[in-house]
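Presented below is the structure to which this report refers.
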Amino acid sequence: MQSLKFPLAMPRSLSKFFAFSTSLFKDARDYQIIFLSVFFLLGVCTRDWSLKPIAIAITFATCWLTQICMVSIFPSASPQKHERWLSLKSATITALGLSLLLRSDSYSAIAVASFLAIASKFIFRTNSKHWFNPANFGIVVVLLLDSFVGNSHAWVSNGQWGEDSLYALVFLGLGGIVLKKVGRWDTSFMFLASYAILEGLRNLWLGWTWDVLAHRLTSGSLLLFALFMITDPRSIPNAKAARLIWALAIAVLAFIFRNVFFNADAMFYALFLISPLTVLCDRIWNAPRFQWLPKRYSALPSN
Amino acid sequence: MKKFLIWMRVLLSTALACLVVFAYSPAVFAFCGFYVSQADASLFNKASQVVIARDGKRTVLTMANDYQGDVKDFALVVPVPVLLKKEQVRIGEQKIIDRLDSFSAPRLVEYFDSDPCARYEAYDRVTLGATRSSAAPATEAKTRGGNYQVTIEAKFAVGEYDILILSAKDSDGLESWLIDNDYKIPQGAKEILQPYIRQNMKFFVAKVNIAELNKTGSQSLRPLMMAYESPKFMLPIRLGMLNANGDQDLLVYILSPKGQAEVANYRTIKVPSGDDIPVYVKNEFGDFYKSMFKTSYEKEGRKVAFLEYAWDMSSCDPCSAEPLSQEELRKAGVFWIGAPDINTSSGGRIRRPIPFPSNDGRVFVTRLHIRYNRDKFPEDLTFKETSNQESFQGRYVLRHAFKGETSCDAGKEYQRSLRPRFEKEAKTLARLTGWNIADIRRKMNIASLPTPVEKPFWENIWK
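Written out as structure tokens, the structure is:
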């Protein structure tokens, strides 16, 4: 974008607009928001989801409100006001993630999941890195409440995205752009590759035909998870080596949960358990922390 | 692109392999397992019904099949997740499955337009949905030892069935064992048996004891029930596809204390429901439902499971059949409700709550209709129970026009409104079923209705 040469006689207002748009897309979160929204709309339009507009509204409202409250309660070292507002982008991504994955017939469960998701970022943190992926934390906690405490009326519809290879391509394509922007594509790649190898070996050992494997791997929910959930730069290790090991661990655990314990939500639990190891990984492997915005846009990280 | 080509090749070769299997298999089997013919009987078994009552890991599975061939020719082979003992297997009642079927079947609802000249008073009536009649069947076989690496883990008789629980070390041995014991198994069974053996699953082999069957006085076989504890919430469908002739229909009734169930590894969508359709469909509801199902199935790419009904068993609105009593539910495998109530059944039609002992005695029924074939359903079905309490039913509305004299202004207005309304119903029906709209219009006799005359808007203003 910087190489764009504007005509000399461009009106001032227009140049301001361009300046704004270039700064807008400097932030990788913008891409994430856009692409998650695209999937969301795609899902609403082409898939028969039991999406309730009120539930979506509650998700967004709770996420934003919690973010604002939490930013006030736990002020970051950054005195910059715009930083606070920018952190709402992260809340938006979490809200989109929750709306895409979590299903519920109770509004309170949705509100609880949204609140927990955002609150987890502020409560469980070390050196401004989160222990958990916020959306994952929200989902897993309400799922656990649902199965162990009583009906909290929340579930994940694993089959909802179908197994269309066309979707797989769209996911891969668009996800790739976001990941390249965020610079954490290696995590997704490692996770998908190791998971595919494990499933492939299982398939080979069992003697199923290969379309069984293809069916398992093209699941939309799996790709959504791999491309958008385990890539959150604020909750994954900074060093590349650490990230690769971390992603491998998630793949192995997800594989075990799914094929030994027959848990359909295996990957969410796997990420939930492995995620806090990020802190440990960062201690062992030193690497510069991820910044949402390039240096000149932000002095300090947002939430 | 290269990946795509490889995939295409895999798909093509699988399709070809299927063709070969179909072409050479003389018998047609279906279901989670397959029926094994011991004679060259021509079998046709395309719709199966399965009831799964599940709470946690505890499962009671009931299988019923609408096989109509000679019972002495058949045996059933189903992979099961655990070793079953005699006490875990029993005979179910076809009547109970029929009750579940009629309770949850897609239904027609009729409304009669009131006299437009009189005060509005509508009432509705419920017509029974298309119910399926199911029958079942089975076999005779010799059991022999031998070096097959097949272990007969259990051997017992339940009702008219002689049952063997087999475990095997490898599929060659199992295949040879089945062949040597006069089971005529479909070609390619070996490859499909292998994954189940590797998954440490056992094989439930049932055949019919004709003498016992005669004692029951029934020509058809009764459903088989098995109770077991396993984290696997799945139905093996691959074996049944082996010698299947095209698409097979499977109705799964999942009874859960928690809420709706869904298929975890395929999309689950709702059947189209709630539309107003022409009243003549009342006489051909079966055809209508079949065509509509087929149209939706094609539209969704033939790879989804359809939700036909989801409801808490304690009520229904409208009821196409009386909700199942506690005793009937227990017979359907619902083990978490208390002993049968003495004062069961009979009573009102709509919203008749059944007094359950406690919240734990809740039963939520989900009816899934899965039409599967080898192509689009490569993987066995796995299910998932959710706490979703949303009710759903396949419901189609017939609105009968008022037949009496309508001479008042409102009556004339009403008459004029009929044609557009019928036209809309015709279009809905055509869209849902893919039927020819001209035929529909003819059957509805739309042409005989007065054409609505477009009156200029000002005509009514200065009256």
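Read top to bottom, the protein sequences are chains L and B.
Okay, so the first sequence: first residue is 0 according to numbering that gives the first Met the number 0, each after it adds one.
Okay, so the second sequence: first residue is 0 according to numbering that gives the first Met the number 0, each after it adds one.
Using N, Cα and C, we set each Cβ at its ideal position, and we do this for glycine too.
Relative to the C-alpha of Ile283(L), which residue among Thr61(L), Ala116(L), Asn237(L) and His129(L) is closest? Asn237(L)
Suppose you measure from the CA of Leu337(L) to the CA of Gln159(L); what does that come to, to the nearest Å? Chain L is shown from 0 up to 302; residue 337(L) falls before or after that span and cannot be answered.
Which residue or residues does DSSP assign as beta-bridge partners of Val50(B)? Thr61(B) and Tyr252(B)
Contact set for Arg201(L): own chain, Cβ-Cβ below 7 Å, skip 5 residues either direction: Asn258
Compare the C-beta of Gly175(L) with all C-beta atoms of chain B and state if any pair is closer than 8 Å. no
Between Ser113(L) and chain B, is any beta-carbon pair separated by less than 8 Å? no
Alpha-carbon to alpha-carbon, Leu323(B) and Gly332(B): 12 Å
Output the distance between the C-alpha atoms of Leu223(B) and Asp161(B), rounded to the nearest integer angstrom. 11 Å
Mind checking who Ser166(B) pairs with in its DSSP beta bridge? Thr150(B)
Leaving out the 5 sequence neighbours to the left and right, which residues in its chain are closer than 7 Å to Met200(B) when beta-carbon positions are compared? Pro78, Val79 and Pro80
Restricting to runs no shorter than 3 residues, where is the beta strand (DSSP E) found entirely within the region 178 to 232 of chain B? 201 to 207 and 223 to 228
Is the CB-CB distance between Leu431(B) and Ile439(B) below 8 Å? no
Arg215(L) CB to nearest chain B CB: under 8 Å? yes
Among Ala446(B), Gly55(B), Trp461(B) and Ile178(B), whose alpha-carbon lies nearest the alpha-carbon of Ala231(B)? Sequence check: residue 231(B) is Lys here, not Ala. If we check each option's Cα against that of Lys231(B), Gly55(B) comes out closest.
Would Cys62(L) be called buried (16 or more neighbouring beta carbons within 10 Å of its own) or exposed? buried
I'd like to know if Ala409(B) contacts chain L, where contact means its C-beta is closer than 8 Å to some C-beta of that chain. no
Cβ-based contacts, 8 Å cut-off: residues of the region 184 to 205 of chain B near chain L: Glu190, Gln193, Pro194, Arg197 and Gln198
Run down chain B in chain order and give the residues with a C-beta less than 7 Å from the C-beta of Trp154(L). Thr385, Ser386 and Asn387
Pick from Arg98(B), Leu254(B) and Val108(B) that is closest to Gln274(B), judged by C-alpha positions: According to the sequence provided, residue 274(B) is Asp. The question's Gln does not apply to it. Checked all of Arg98(B), Leu254(B) and Val108(B); the closest Cα to Asp274(B) is Val108(B).
Taking the alpha-carbon of Leu100(L) as reference, which of Val43(L), Ile72(L), Ala118(L) and Ile244(L) has the nearest alpha-carbon? Val43(L)
Distance between Gly96(L) and Leu144(L) (C-alpha atoms, nearest Å): 19 Å
Can you tell me which residues form a DSSP beta bridge with Ser103(L)? Ala153(L)
Unbroken alpha helix (DSSP H) run spanning Trp204(L), endpoints: Trp184 to Leu205
To the nearest angstrom, how far is it from the Cα of Arg242(L) to the Cα of Phe224(L)? 16 Å
Contact list for the region 274 to 302 of chain B against chain L, Cβ threshold 9 Å: Glu299, Gly300 and Lys302
For the region 245 to 269 of chain B, which residues have a beta carbon sitting closer than 8 Å to at least one beta carbon of chain L? Lys257, Gly258, Glu261, Val262, Ala263, Asn264, Tyr265, Arg266, Thr267, Ile268 and Lys269
Opening and closing residue of the beta strand (DSSP E) in which Val108(B) lies: Arg106 to Phe111
Against chain B, with Cβ distances strictly below 8 Å, would Leu208(L) count as a contact? Note on identity: in this sequence residue 208(L) is Thr, with Leu being the wrong assignment. Yes, Thr208(L) counts as interfacial toward chain B.
Below 8 Å on the Cβ atoms is my guess for Thr186(L) versus Ala269(L); work out the distance and round it to an integer in Å. About 13 Å; that fails the 8 Å criterion.
Start and end of the alpha helix (DSSP H) containing Glu412(B)? Asp408 to Thr432
Roughly how many angstroms separate the alpha carbons of Asn157(L) and Asn264(B), rounded to a whole number? 7 Å
Measure the C-alpha to C-alpha separation of Arg89(B) and Ala156(B) and round it to an integer number of angstroms. 9 Å
Please tell me whether Lys168(B) has its Cβ less than 8 Å away from any Cβ of chain L. no
So that I know if they touch, is there some Cβ in chain B lying closer than 8 Å to that of Trp204(L)? yes
Cβ of Val70(L) within 8 Å of any chain B Cβ: no
Does DSSP put Met128(L) in a helix, a strand or coil? The amino acid occupying residue 128(L) in the given sequence is Lys; Met does not appear at that position. Lys128(L) falls in the strand class under three-state DSSP.
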